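Structure record follows, encoded as structure tokens.
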Amino acid sequence: MPLIGFGTYKTPPASTTEAVSLALQAGVRHIDGAQDYKNERELGVAVRESGIPRSELFLTSKISNENQGDLRKVTTSVKRTLKSLDTPYLDCLYVHTPLPGSSLRLSTYAALQQLKEEGFCRSVGVANYGVPHLDEIIASGLDA
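Quick note: the sequence shown uses the UniProt record's numbering, first residue 1, plus one each step.
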């Protein structure tokens, strides 16, 4: 994972392609997006037009709350993300925000691990989780 990344939070879709293109031209190779940002297609255009080999990039995205809960919902949303980004895989796929309820959080995290095993992403993680949420994952026996 590169030390410096470029996040696309609050970047309007109309500005995303140019902003990501400038970051890539400046040498940034970690680009962070999310389903909730509503700019993944434009991010994908910048990556594609850059001509930088996919193997030199570290692309991340995060599962929105509405797409959490079970393997089917998570898988459908990740396939949409991959299509928007025009990439066969993500380097890291995160849960964006913890849902209320342990069973929903754990089923979502388990779905991400399944997608990793299937090659949709190389690693999985969580964002905006507190220590109790992390302890919950560890206690469940899922790979942390």
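Ideal Cβ positions, reconstructed from N, Cα and C, are used throughout, including at glycine. All values derive from a computational prediction rather than experimental measurement.
- From the listed residues Asn-128, Leu-112, Gly-130 and Tyr-129, the smallest Cα separation to Arg-122 is found for Leu-112.
- Pairing Thr-108 with Val-131 gives a Cβ-Cβ distance that is not under 8 angstroms.
- In the three-state reduction of the DSSP assignment, His-133 falls in the helix class, which pools H, G and I.
- The beta carbons of Gly-51 and Ser-84 sit no closer together than 8 angstroms.
- Measuring C-alpha to C-alpha distances from Gly-101 to each of Arg-72, Gln-68, Lys-116 and Tyr-89 identifies Gln-68 as the nearest.
- Ranked by how close their Cα comes to the Cα of Val-20, the residues Leu-59, Ser-55, Met-1 and Leu-3 have Leu-59 in first place.
- Approximately 5 angstroms separates the beta-carbon atoms of Thr-8 and Tyr-37; this is inside 8 angstroms, confirming the contact.
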